[in-house]
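Visitor: Take 113 as the starting number for the sequence shown in our numbering and just add one per residue. After the C-alpha cells below, expect a handful of questions from me.
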Amino acid sequence: MKHIEYLEEQIEELPYGYVFTHNDFEENPGTEQAVERYLNRLAKSGKINKLAKDKFYKADGAPQLKPYEVVKDLLFEDGKQIGYLTGKSSYTELGFNLPAGTQIEVGIAEKRNPIKRGPFKVSFIRQKNVIKPAHIPYFQLLDMLGALSKQAFATPDELCYHITKGLTHLSSREHKTVAQLALNYQARTRALAGALLQKIGYVSHQTLDELKASISSYTSFSYPISAKNLPHAKEWKIICA
C-alpha cells in the first residue's frame, strides 16, 4: 500500500484548481491502471473532483477553474502548441470585467465539434494560419473582430474602441503581421481589420493594398459602428449603420 500513501502525499502537494491526470504521478510505484482507479475512487468519495475522463482537480477551497486548466491538454501536442485560448478570456485582457462563465473557446487548426468537461462547454474556432505562440495575441484580436456583432456584453462601438486601443499598443511591424494573418480570415473580418489598421496609420500602403485586393469589389459589409470610429469605412466596403 506504499504506492497509495505516496500518491496521497503527491495529491496533497498539488495546488487547488490545478487539473491533473494519472500522468502527473509517473514516479508513483503503483501501476498506471492502479493510479487511475485510485483517483476515480477519490473522486467518488468527494475528496477530489472529476472534470472529465482521467482529469481531476482538488475542489475543496478552490476558486472556479481557470479556462487554461480546463483545456490545457488541447493546446499542446508532443510539446508543440497547436491551440490557444480565445473568446471571453481575450476580452478580459482588454479590460472588460466579465463574470465567470462556463463557455470556453479554443482556436485550433482543424474543425472540431464542441465538447463538455464538467460544467464547461468547450467550442472550437478554426484557425487557418499556422499557430505560433508569438502570433496568438494577434489571432485573439482578429477573432474578436470576427465576432464583433455577436457579443451581448458590449456594443460594437465599445468593442471597436477597445480593440483599436489594443492594436495601438502594437508596433508597425506587428501591424504588418496582423494584416498578413488577416488574409486567412473571412472577408468581413479582413475589411474591419484593414479599416482599423488604416485608422491607426502604422501600416504601409503596400500592405493595406494587399489586404484590400483580397476583398471583392462587388461585396459590402454592414456594421452597427459609428463613422467616427471607422473614418476609412468606404474604402473597405463597410457600411456604418
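Just so it is clear, CB atoms sit at the ideal spot from N, CA and C, and this is done for glycine as well. Owing to the predicted nature of the structure, the values given are computational and were not obtained by experimental measurement.
Give me the Cα-Cα distance between residue 299 and residue 306, rounded to the nearest whole angstrom.
Guide: Whole-angstrom Cα-Cα distance: 10 Å.
Visitor: On the criterion of 16 or more Cβ atoms from any shown chain inside 10 Å, does residue 247 qualify as buried, or is it exposed?
Guide: So residue 247 ends up on the buried side.
Visitor: With a cut-off of 8 Å, does the C-beta of residue 184 fall near any C-beta of chain D?
Guide: In the structure shown, chain D does not exist; there is a single protein chain.
Visitor: My understanding is that residue 295 touches residue 285, with C-beta atoms under 8 Å, so please give their C-beta distance in whole angstroms.
Guide: Between residue 285 and residue 295 the Cβ distance is about 17 Å, and since that is not below 8 Å, they are no contact.
Visitor: For residue 113, does the three-state DSSP call read helix, strand or coil?
Guide: Residue placement at residue 113 is flagged as unreliable, the pLDDT there being 48, under the threshold of 50; the coordinate-derived value follows with that caveat. Residue 113: coil per DSSP, three-state reduction.
Visitor: Since residue 198 is in the beta strand (DSSP E), which residue starts that stretch and which ends it?
Guide: That run of the beta strand (DSSP E) goes 195-198.
Visitor: Determine, using beta-carbon pairs with one atom in the region 225-243 and one in the region 263-280, whether at least three such pairs fall under 8 Å.
Guide: Not touching, per the Cβ criterion.
Visitor: From the DSSP output, read off the bridge partner residues of residue 161.
Guide: Answer is 169, bridged to residue 161.
Visitor: Which word fits residue 157, buried or exposed, when buried means at least 16 other C-beta atoms lie within 10 angstroms of its C-beta?
Guide: With fewer than 16 Cβ atoms within 10 Å of its Cβ, residue 157 is classed as exposed.
Visitor: Give me, in chain order, the residues of the same chain whose beta-carbon lies closer than 7 Å to that of residue 341; leave out the 5 immediate sequence neighbours on both sides.
Guide: Closer than 7 Å at the Cβ level, and outside the excluded window around residue 341, lie 269, 272 and 273.
Visitor: Which of helix, strand or coil does DSSP assign to residue 182?
Guide: Three-state result, residue 182: helix.
Visitor: Determine whether the beta carbon atoms of residue 250 and residue 293 lie at a separation below 8 Å.
Guide: Yes; because the gap between Cβ atoms is below 8 Å, this pair is in contact.
Visitor: DSSP state of residue 238, grouped into three classes?
Guide: Residue state, collapsed to three classes: strand.
Visitor: Which of helix, strand or coil does DSSP assign to residue 228?
Guide: Of the three classes helix, strand and coil, the one that applies to residue 228 here is strand, per DSSP.
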